[in-house]
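Report on the following structure.
Residue numbers (the numbering used here): -12 to 103.
Structure (structure tokens):
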């Protein structure tokens, strides 16, 4: 049996931009993508802690070191600049592999920068 499990999470990042007139997706600082083991174009689920919205989209690589978290297209309607969101990616695994797997959890600071 194959199940879907949490692969990685960016916990409590702050939305820095919302661009309604864009094709879609979420732009994420490349440092954050690397730290969370999330690749460009990967499907992610986003939870907005401020309004409870939950939605899915795909990632776009943002400029490294900027702390960018930008909701693009329709997702820009689901959060405001300054909102706190959790970004999660998932993977399919055999049950035995999933029992041993430890997800990558990233806890950036209030400016979406990695803690040293």
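Note that beta-carbon positions come from the ideal geometry of N, C-alpha and C, so glycine has one too.
Classification of residue i by the beta-carbon crowding that lies within 10 angstroms, buried from 16 upward
i	result
residue 104	The structure shown has nothing for residue 104, since the chain only spans -12 to 103.
residue 96	exposed
residue 8	exposed
residue -6	buried
residue 61	exposed
Three-state secondary structure (DSSP) of residue i
i	result
residue 92	strand
residue 60	helix
residue 48	strand
residue 19	helix
residue 5	strand
residue 78	strand
residue -6	strand
Proximal residues to residue i (C-beta, below 6 Å), its chain only, five neighbours per side dropped
i	result
residue 92	-4
residue 79	-11, -9
residue 14	47, 49, 55, 57
residue 59	6, 9, 11, 12
residue 41	34
residue -1	71
Residue-chain proximity (residue i, chain C), Cβ-Cβ < 8 Å
i	result
residue 21	You won't find chain C in this structure, because it holds only one protein chain.
Own chain residues within Cβ distance below 7 Å of residue i, not counting five before or after
i	result
residue 35	65, 66, 70, 72
residue 28	45, 46
Close Cβ partners of residue i (< 8 Å) along its chain, the five nearest in sequence each way excluded
i	result
residue 31	13, 25, 43, 44, 45, 46, 74, 75, 76
residue 102	94, 95, 96
residue 63	5, 6, 7, 9
(message) Counting beta carbon pairs with one atom in the segment 82 to 89 and one in the segment 33 to 52, are three or more of them shorter than 8 Å?
(response) The segment 82 to 89 and the segment 33 to 52 do not touch, with fewer than three beta-carbon pairs separated by less than 8 Å.
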